[in-house]
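These notes are about the structure you will find just below.
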Amino acid sequence: TVGIGSLLGAINFMVTTQNMRSTAVTLDQISMFVWTSYLTSFLLVLSVPVL
């Protein structure tokens with residue numbers, strides 16, 4: 016159950032990052048915190064189903 020929660024939380028953060036940014040802000044203008052959180056979420060999505 017912890018794995019499912021982590022997976023859904025990571026997907027939620029990735030979708031929110033993509034959908035809630037302004038159209039004037041390109042991906043190279045996003046702050047480093049958002050990039051690292053997005054990367055961490057992406058790695059969780061890749062690794063949790065294997066566990």
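Taking the working numbering, the leading residue of the sequence shown gets 16, the next gets one more, and so forth. Idealized CB from N, CA, C, for every residue including glycine.
Legend entry - Burial state of S62 (16 or more Cβ within 10 Å): exposed
Inset, instruction - Using a threshold of 8 Å, state whether the C-beta atoms of Y53 and T32 are closer than that. - result: If you check the CB distance, Y53 and T32 come in under 8 Å.
Legend entry - Alpha-carbon spacing of Q44 relative to V30, whole angstroms: In this model, Q44 and V30 are separated by some 18 Å (Cα to Cα).
Legend entry - Own chain, CB closer than 8 Å to R36, minus 5 neighbours either side, in chain order: I45
Inset, instruction - Tell me whether the beta-carbon of L59 lies closer than 8 Å to the beta-carbon of L22. - result: yes
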